[in-house]
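Okay, so the sequence shown: first residue is 27 according to the working numbering, each after it adds one. What follows is a short report on a single structure.
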Amino acid sequence: MEKIVVWSWSYVSFLLFLSIYLFAAWAVAIEEGFTNMDSWLSVLPISCLYLFALMMQFTIIEVRNDKLVVRKIGNFRKQTFSLSHIEVRYGVREKFTYRAPAIYPIYIYDKDWIKQRKILCGDIRGSDFDKFWKKHGHPKE
């Protein structure tokens with residue numbers, strides 16, 4: 027079983043930049059103490075949503091025997107594909123708008139179900155995925 031973790035550094039860094047707001051909200055909640063429960067009731071759900079959004083940026087791709095397993099950290103979404111029935115494309119840069127960060131998505135096309143899975147990936151992890159896929163991804167005949 028071989029695995030690689032891919033993510034888009036630009037999206038992760040954007041979420042980490044937003045953590046400044048989260049730290050400020052926690053500082054206000056601690057300063058207010060338990061006298062004002064409104065601050066605690068707003069900070070806790072925001073913190074949970076923030077951590078969930080940050081965690082969902084990371085994708086684990088595994089190759090087991092003749093299967094490709096794609097899952098998010100925490101197993102929130104897990105998909106299994108047969109290596110002989112998929113086509114993988116990657117390495118093409120996409121940029122939606124001028125200010126949006128560039129991504130290098132990994133597309134997994136399932137030939138049986140005629141469905142597509144898109145995994146957001148950055149440039150550096152995309153080149154690492156290229157090496158990983160050339161070594162472990164092609165079905166052995």
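Cβ atoms here follow ideal geometry from the backbone N, Cα and C, with glycine treated the same way. This structure is a prediction, so every number in the text was calculated from the model and none was measured.
- D64 carries a helical assignment under DSSP once its states are collapsed to helix, strand and coil.
- Contact check for I134 and V114: beta-carbon distance about 6 Å, within the 8 Å limit, so the pair qualifies.
- The criterion of a C-beta distance shorter than 7 Å is satisfied by T85 and I145.
- Taking C-beta atoms as the reference points, V95 and T106 count as a pair closer than 7 Å.
- A distance below 7 Å between beta-carbons, with the five flanking residues on each side excluded, links D92 to the following residues of its chain, in chain order: S108, L109, S110 and P165.
- Around the beta-carbon of S34, 16 or more other beta-carbon atoms lie within 10 Å, marking it buried.
- For the pair K98 and M82, the CB atoms are nearer than the 7 Å cut-off.
- If the five residues before and after F78 are omitted, its C-beta is found closer than 6 Å to no C-beta atom of its own chain.
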